Amino acid sequence: MLWSKLFIPTLRENPAEAEVVSHQLLLRGGYIRQLGAGIYNYLFLANRSMLKIIGIVREEMNAIGAQEMLLPALNPAEVWQESGRWDLMGDNMFRLKDRFGRPLCLGMTHEEVMTSIARGELRSYKQLPQIWYQIQTKFRDEPRPKSGLLRVRQFIMKDSYSFDLDAQGLDASYEKHRAAYCRIFDRCGLEYITVEADSGAMGGSASQEFMVRSQAGEDYVVACKETGYAANLEKAVSRPAPPPAADPEGDLDPEEFHTPNRKTIEEVADFTGLPRTSQMKSLVMVADGKGVLALLRGDHQLSETKFAAALKAQEVRPAHPEEMREWLGADAGSLGPVGVKSLRIVADLALTGRKNMICGANRDDYHLRNVTPDEDFQAEYFDLRQVADGDTEIETGAPLQIHKSVEIGHIFKLGYKYSHSMGLNVLNHDGVETPVIMGSYGIGIERILSAAIELYADKNGISMPVSIAPFEVVVTPVKIGDAALRRAAEEIYGKLQALGVDVLLDDRDESPGVKFKDADLIGIPYRVTVGKKLAQGNVEIAERRSGAVREVQVAEAPGWLAEKIHAAKK
RNA sequence: CGGGGCGUAGCGCAGCCUGGUAGCGCACCUGCCUUGGGCGCAGGGGGUCGGGCGUUCAAAUCGCCCCGCCCCGACCA
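In terms of this note's numbering, the first sequence is residues 1 to 570.
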């Protein structure tokens, strides 16, 4: 294609509203334009990249025997009411009414619709397994869209669903997806890791996320370089760093002391001159309507996910100040477990074996010292704590790192949730009605694009992997008015096309600087510069990612590039 | 939904405090010039100053209300 005929509105300056790198560069590179909060126009370049991503996804899905469908984005309320998610999804679901007042919604995901197809048609175990997928627009009324295409209200997702007769079948479908996802992300040129994830309200048994490390990400991943352990922070486990100060020796009794206006762990640590680890953090929580006292080491954070899982609670929240006062007789900042009878007490495992610690006295402005778990109060122990910097791998003690990541894919075993709620059964060998076991698997198309940009961007702009770049090569005649340069450029361009290379000819009447800057900005992997070297019969090939430049003869350039490009796409 | 910020030409911003002619850079158009890293010179076009109501002789500027966008938090199969 000829650049002079295309709409590639690049910008010299960063638009003020863009904060994260991928957002800035997508706008500057002329890939996207914003229409509203969390709603974007995908212009020519973004669309080209996304079509390539979709092509890879489609090939790999088809390769595991998945069948592509296209389901409606507009859904009647009924199917969602059947599964119970009409209410569960709350404000995250876009809802509307038709002219007769009938309730509809825009699909956030398609378990219900897929299940509704399956239950009408699947009757025998002989029809199983099935894997069905679609690549389709999803709608979510995000409370806070942000970070360009990373968190939006309308986005394209590849979602697939597996239907199996039994758990072994589900395991096989799940494994097929895991392998296919690895091939997809490899082919898209991403560096990623898979992590164990929380199954959340979906009620599944196993779940993995595919994560790309990035400052722009919103998820935290805990990973160990040495052992390969990796988990979502919500689920990660670790050995805590040992407390820097030993507990006081002796079988001491709790003793109240005055701590005027010292409420936070930090303030009490300063006041006592002891590290935060010498304190017990007491958090009053409400789990499914009942008050619970959660105890942690002073420097640790409660993981609400683990807390909810430990208590098998659906809904968890911090208690209101009035509730704390009612249950414990003091305000937050002076609370502790000693003498508490009215609340269930759960403690993090990091408190086992500790003694003579400091905690609130349940009397405003007073704390207790010499409080020993299991002696001065009784608690149930669970892993409740969020992994923190400085923690080590739970089995080997190897160091752990925590970093921000973007979730680009998620696979999980759904189990029978939808089969049960929506009545999806088949007859088994013995002619007995058996519920079908399901899996659900998603990939965010825009997130692959954004993650690739985040991963490889440099000071000059985007640096796309060959497989998903909007063009693979740009041919740049330095001076378009020069007939010889133009002829050579057109010749290379034509040959590249013939070799199946996705090539762009920058035939604009612009200064070389402008063309080079634009080519770098939009991230085309290879640039052929047709300029002064032509006098010797040569052109230059510049590799965007490495900056490496090589001089080759005009006749050799297309073949050399085609080889590189085909190798990169394998 | 809580906290903060912003809204003036396509983009980036100044002007607002202290009311009176709407301005700068980039981009765009025309001509000349230039052609290896966002080139130079000259001329030019483009604005309901987010919207409404109010105060005033007079509002981009002051007041009230609303809308939109961004950031932090809450939330996030």
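Here a beta-carbon is modelled for each residue, glycine too, at the ideal position from N, C-alpha and C.
Computed from a predicted structure; not experimentally measured.
Would residue i pass as a contact of residue j if the rule is Cβ separation under 8 Å?
i: S147; j: A37; result: no
i: I193; j: V57; result: no
i: I156; j: M50; result: yes
i: N362; j: G336; result: yes
i: R276; j: A269; result: yes
i: T434; j: L165; result: yes
i: E472; j: P525; result: yes
i: V113; j: H403; result: no
i: L43; j: L27; result: no
i: A489; j: L505; result: yes
i: V338; j: F382; result: no
i: V426; j: S162; result: no
i: P318; j: L283; result: yes
i: V552; j: N538; result: yes
i: M422; j: T109; result: no
i: A294; j: M285; result: yes
i: G439; j: L122; result: no
i: A73; j: Q136; result: yes
i: I32; j: N41; result: yes
Is residue i helix, strand or coil by DSSP?
i: I193; result: strand
i: P321; result: helix
i: I64; result: coil
i: D391; result: coil
i: I8; result: coil
i: S511; result: coil
i: H110; result: coil
i: S546; result: coil
i: D518; result: helix
i: N92; result: helix
i: L496; result: helix
i: Q215; result: coil
i: P558; result: helix
i: G203; result: The predicted position of G203 is uncertain, since its pLDDT is 49 and thus under 50; a value taken from the coordinates is nonetheless stated next. Reduced to three states, the DSSP call for G203 is coil.
i: F257; result: strand
i: H420; result: helix
i: E551; result: strand
i: F100; result: coil
i: H566; result: helix
i: Q378; result: coil
i: G250; result: coil
i: I265; result: helix
i: V79; result: helix
i: W3; result: helix
i: R239; result: strand
i: Q536; result: helix
i: I541; result: strand
i: L504; result: strand
Measure the beta-carbon distance from residue i to residue j and round it to whole angstroms, keeping in mind my assumption that it falls under 8 Å.
i: I39; j: Q154; result: 6 Å
i: L400; j: D391; result: 5 Å
i: A388; j: H300; result: 6 Å
i: A77; j: L104; result: 6 Å
i: G513; j: A469; result: No, G513 and A469 are not in contact; Cβ-Cβ is about 22 Å, not under 8 Å.
i: V195; j: N232; result: 5 Å
Starting from the Cα of residue i, find the closest Cα among the options and give me that residue.
i: V475; options: A452, K459, I462, D502; result: D502
i: K532; options: G523, V554, R545; result: V554
i: L252; options: R369, L499, E78, G500; result: R369
i: V466; options: K459, A452, D458, E510; result: A452
i: G353; options: S342, G333, D374; result: D374
i: A63; options: Y133, S116, E111, V387; result: Y133
i: H420; options: F94, L2, R119, A73; result: R119
i: W560; options: A519, R85, L496; result: L496
i: E191; options: A330, M211, L6, L128; result: M211
i: I443; options: V432, E407, I468; result: E407
i: P260; options: M61, D186, G360, V21; result: G360
i: G500; options: V478, H566, R262; result: H566
i: V436; options: K515, W3, Q168, M69; result: Q168
i: G30; options: R550, D518, Q536; result: D518
i: S214; options: E256, L534, L150; result: L150
i: L96; options: N75, Q81, R85; result: N75
i: S22; options: D507, G250, A457, F271; result: A457
Given the structure, does residue i come close to the ligand FMN, in the sense that its CB is under 7 Å from one of the ligand's heavy atoms?
i: E407; result: In the structure shown, the ligand FMN is absent, as is every other ligand, since no ligand is present at all.
Query raised in the report: Can you list the beta strand (DSSP E) stretches of 3 or more residues lying completely in the stretch 443–482, in chain order?
Result: Taking only runs of at least 3 residues, the beta strand (DSSP E) segments lying wholly in the stretch 443–482 are 473–477.
Query raised in the report: Which whole runs of the beta strand (DSSP E) in the stretch 122–183 are 3 residues long or more, in chain order?
Result: Runs of the beta strand (DSSP E) inside the stretch 122–183: 130–139, 154–164.
Report task. For the stretch 297–355, list the alpha helix (DSSP H) runs that are entirely contained and at least 4 residues long, ordered along the chain. Result -> For the stretch 297–355, whole alpha helix (DSSP H) runs of length 4 or above, ordered along the chain, are 304–311, 321–328.
Requested in this report: Counting only runs of 4+ residues fully inside the stretch 12–77, write out the alpha helix (DSSP H) ranges in chain order.
Outcome: Taken in chain order, the whole alpha helix (DSSP H) runs of length 4 or more contained in the stretch 12–77 are 21–28, 44–63.
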